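All residue numbers for the sequence shown refer to numbering that gives the first Met the number 0, where the first residue is 0 and numbers rise by one. Yeah, the Cβ is synthetic: ideal placement off N, Cα and C, and Gly gets one too. Quick caveat: nothing in here was measured; it's all calculated off a predicted structure.
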Amino acid sequence: MFCLKMLKSDKPRLLHSYLSHVSTVARGIRQHNNLRTLYLNSRHGSHWTPVAFNHPSTFDTIALDGDLADRIQADLKAFSDSEAYYHSIGRAWKRGYLLYGPPGTGKSSLIAAIANYMHYDIYDLELTSVSNNSSLQSLLMRTRPRSIIVIEDIDCSMSTRFSDRQQVEEQQLAVFEEAPQSSSCGFTLSGLLNFTDGLLSCFGEERIFIFTTNHKERLDSALLRCGRMDLHIHLSYCTFSVMKKLARNYLGIMDHDLYGELEELLKAGVEITPASAAETFLSMRKDPDEAIRQILTRVKAVNASVSVDEVPPDVRTGKGDLLPKKVRKRKRELPVDASEKQHLDDSYAVSGATAPRHSKLSTSRNGPKKLAIS
0 MFCLKMLKSD KPRLLHSYLS HVSTVARGIR QHNNLRTLYL NSRHGSHWTP
50 VAFNHPSTFD TIALDGDLAD RIQADLKAFS DSEAYYHSIG RAWKRGYLLY
100 GPPGTGKSSL IAAIANYMHY DIYDLELTSV SNNSSLQSLL MRTRPRSIIV
150 IEDIDCSMST RFSDRQQVEE QQLAVFEEAP QSSSCGFTLS GLLNFTDGLL
200 SCFGEERIFI FTTNHKERLD SALLRCGRMD LHIHLSYCTF SVMKKLARNY
250 LGIMDHDLYG ELEELLKAGV EITPASAAET FLSMRKDPDE AIRQILTRVK
300 AVNASVSVDE VPPDVRTGKG DLLPKKVRKR KRELPVDASE KQHLDDSYAV
350 SGATAPRHSK LSTSRNGPKK LAIS
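Quick look at the structure:
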């Protein structure tokens, strides 16, 4: 308990700014000490429903390749310390991330780790529940500073996935048609862009926008330019570095006799998701040796089931946007019994897509900065 005293003549000049500062600091302390809150938007409404967010994911518990975790943390720290700088250059104090890669590579866990690192609440925006642009604007204006606004699986939020490129483009044109009555979701592309970097993005400060997608090539390039998605972070299949981190976290081991053979296969490009490896380690955590043997057996099975074709030489990527050197196509079904088939289907992410030719989303030298796992 304390008493604040000041001259009456100073009250109009000092009181409001001082109390605003105290309120901001108090909110920051409260957010730092308390658990995070996850907000979900109601269906066909403009309201958020809060639920406790107790996700334990941190940058120490997730397995990212190389120094990717350190680079993301450095970017977050720089953003957090740059309020005065953003104001001095006339920009809203916000940051945009695009997380892209196959399913099961840790996009949701990374979002939770970012929230816990920054001590931010999360607003999980389900676009299929947004009826029109007005609802979208209303939802945005009800978000608080020091928060993360997430749109997961943006490529399929408005439609089901399509294997045919032309069908994808036709569906996106229908969804993002400028006339609201022509859109299956009721909001327009311009409304979504205003959500990320238009005038409405300045309503509240110190916010991070995160989009996730399994298919970056399906997204409109207008959503991906600098100022909207500042960092493109590629989360891919297990490298040997990621596999070792998973084994350390789940099994408590730093080395193993089978690591040499496992490293050779993973460096050759055998594709297994971190989620699949983590599930094996979790179920076999009481027997680390057997867990490593199981992983090696499954990696060998994947290696035996694919054939390798070189990526066409005319594929071009932006600086720092790393593509695999080889594209894998399924050769034959594994001879497994019925009890194992579903587990393998869920675990093995064997790519069947060819890299896009001269994709407009493969940005030029001046495009968005990207962090990628090779």
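Review point. For Asp219, which beta-bridge partners are listed by DSSP?
Key: The residue given as residue 219 occupies position 220 in the sequence shown. Paired residue(s): none; Asp219 is not in a bridge.
Point to revise | Secondary structure of Cys303, DSSP reduced to three states | key: Indexing the sequence shown from 1 puts residue 303 at position 304. Reading the sequence as shown, one finds Ala at residue 303 and not Cys. In this structure, Ala303 counts as helix in the three-state DSSP scheme.
**Study point:** contact_flag[the stretch 35–53, the stretch 114–129] where n(CB pairs < 8 Å) is 3 or more
**Key:** yes
Review point. Under three-state DSSP, which class holds Phe202?
Key: Locating residue 202 in the sequence shown gives position 203, where the first residue counts as 1. Three-state DSSP puts Phe202 in coil, outside helix and strand.
Exercise for review: Name the two residues that bound the continuous alpha helix (DSSP H) containing Arg70.
Suggested key: Position 71 of the sequence shown holds residue 70. Segment 67–79, the alpha helix (DSSP H) holding Arg70.
Review point. Residues bridged to Leu49 by DSSP?
Key: Taking the sequence shown and counting its residues from 1, one reaches residue 49 at position 50. Sequence check: residue 49 is Pro here, not Leu. Beta-bridge pairing links Pro49 to Tyr38.
Point to revise | Residue from Lys266, Gly268, Arg145 whose Cα sits closest to the Cα of Thr383 | key: Summary: the structure shown does not reach residue 383, with the chain confined to residues 0 through 373, and so no result is reported for it.
Exercise for review: Would you be able to state if there are at least three C-beta pairs under 8 Å between the stretch 202–210 and the stretch 133–151?
Suggested key: yes
Point to revise | Between the CA atoms of Trp92 and Met117 - distance to the nearest angstrom | key: In the sequence shown, counting from the first residue as 1, residue 117 sits at position 118. In the sequence shown, counting from the first residue as 1, residue 92 sits at position 93. Looking at the two C-alpha atoms, the distance is approximately 15 Å.
Check your understanding: My guess is that His214 and Asp154 are in contact by the Cβ rule of under 8 Å, so how many angstroms apart are they, rounded?
Key -> What you label residue 214 is simply residue 215 of the sequence shown in a count that begins at 1. What you label residue 154 is simply residue 155 of the sequence shown in a count that begins at 1. 5 Å between Cβ atoms; contact.
**Study point:** As assigned by DSSP and simplified to three states, the class of Leu98
**Key:** Within the sequence shown, residue 98 is the residue found at index 99, counting from 1. Correct three-state label for Leu98: strand.
Practice item. Tell me where the beta strand (DSSP E) around Val149 begins and ends. Key: The residue you call residue 149 lines up with position 150 of the sequence shown. Segment 146–150, the beta strand (DSSP E) holding Val149.
Review point. Whole-angstrom Cβ separation of Ser128 and Ser41, contact assumed at under 8 Å?
Key: In the sequence shown, residue 128 corresponds to position 129, counting from 1. In the sequence shown, residue 41 corresponds to position 42, counting from 1. Confirmed, about 7 Å.
**Study point:** Integer-rounded CB distance, given that Thr272 should sit under 8 Å from Pro101
**Key:** In the sequence shown, residue 101 corresponds to position 102, counting from 1. In the sequence shown, residue 272 corresponds to position 273, counting from 1. That pair is a contact at about 6 Å.
**Study point:** Pick from Arg90, Leu75, Thr142, Ser79 that is closest to Leu109, judged by C-alpha positions
**Key:** One-based indexing of the sequence shown puts residue 109 at position 110. Among Arg90, Leu75, Thr142, Ser79, the Cα nearest to that of Leu109 belongs to Leu75.
Review point. For the alpha helix (DSSP H) that contains Ile121, what are its first and last residues?
Key: What you label residue 121 is simply residue 122 of the sequence shown in a count that begins at 1. Ile121 -> not in any alpha helix (DSSP H); beta strand (DSSP E) instead, spanning 120–123.
**Study point:** Sheet register partners of Phe210 (DSSP bridge)
**Key:** The residue you call residue 210 lines up with position 211 of the sequence shown. Answer by DSSP bridge pairing, in chain order: Leu97, Ile150.
Practice item. For the alpha helix (DSSP H) holding Leu139, just list the boundary residues, first then last. Key: By 1-based counting over the sequence shown, the position of residue 139 is 140. That run of the alpha helix (DSSP H) goes 132–140.
Exercise for review: Could you name the residues of the same chain whose beta carbon sits closer than 7 Å to that of Ser162, not counting the 5 residues immediately before and after it, in chain order?
Suggested key: Within the sequence shown, the letter at position 163 stands for residue 162. With a pLDDT of only 39 at Ser162, under the threshold of 50, the placement of this residue in the model should not be trusted; the figure read from the coordinates follows. Correct list: empty, nothing qualifies.
Point to revise | Residue interval of the beta strand (DSSP E) (run including Asp255) | key: Mapped onto the sequence shown, residue 255 falls at position 256. Asp is not the amino acid found at residue 255; the sequence shown has His there. Looking at the DSSP string, His255 is not in any beta strand (DSSP E), and its letter there is neither H nor E.
Exercise for review: Report all residues from its chain with a CB closer than 6 Å to the CB of Pro287; omit the five preceding and five following residues, and keep chain order.
Suggested key: Start at 1 with the first residue of the sequence shown, and residue 287 comes out as number 288. Closer than 6 Å at Cβ, skipping near neighbours: Leu250, Ile252.
Check your understanding: What's the gap between the Cα of Glu263 and the Cα of Arg284?
Key -> Against the sequence shown, residue 263 aligns to sequence position 264. Against the sequence shown, residue 284 aligns to sequence position 285. In a straight line, the C-alpha of Glu263 is about 24 Å away from that of Arg284.
Check your understanding: Between which two residues does the alpha helix (DSSP H) harbouring His86 extend?
Key -> Indexing the sequence shown from 1 puts residue 86 at position 87. 82–87 is the extent of the alpha helix (DSSP H) around His86.
Exercise for review: Determine the burial state of Val301: buried for a count of at least 16 other Cβ atoms within 10 Å of its Cβ, exposed for fewer.
Suggested key: Here residue 301 refers to the residue found at position 302 of the sequence shown. When all chains shown are included, Val301 counts as buried.
Exercise for review: Would you decide whether Val50 is buried or exposed? Buried here means 16 or more other CB atoms lie within 10 Å of its CB.
Suggested key: Here the question's residue 50 lines up with position 51 in the sequence shown. Exposed: under 16 other Cβ atoms inside 10 Å.
Practice item. Work out the CA separation of Arg12 and Leu281 for me, nearest whole Å. Key: For the purposes of this step, residue 281 is taken as the residue at position 282 of the sequence shown. For the purposes of this step, residue 12 is taken as the residue at position 13 of the sequence shown. Taking the straight line from one Cα to the other gives about 60 Å.
Practice item. Determine the closest residue to Ala112 out of Ser189, Pro55, Lys266, with distance taken between C-alpha atoms. Key: Taking the first residue of the sequence shown as position 1, residue 112 is located at position 113. Among Ser189, Pro55, Lys266, the Cα nearest to that of Ala112 is on Pro55.
Practice item. Drop a sphere of 10 angstroms on the beta-carbon of Lys243, count the other beta-carbons inside from all chains shown, and report buried for 16 or more, exposed for fewer. Key: The residue given as residue 243 occupies position 244 in the sequence shown. Burial call: buried.
Check your understanding: Which residue from Ala114, Ala246, Leu126, Ser133 puts its Cα closest to that of Ala62?
Key -> On the sequence shown, residue 62 is found 63 positions in, with the first residue counted as 1. When each option's Cα is compared against that of Ala62, the closest is Ala246.
Practice item. Label Glu270 either buried or exposed according to how many other C-beta atoms from any shown protein chain fall within 10 Å of its C-beta, with 16 as the threshold for buried. Key: Numbered from 1 along the sequence shown, position 271 holds the residue referred to as residue 270. It is buried - the Cβ of Glu270 has at least 16 other Cβ atoms within 10 Å.
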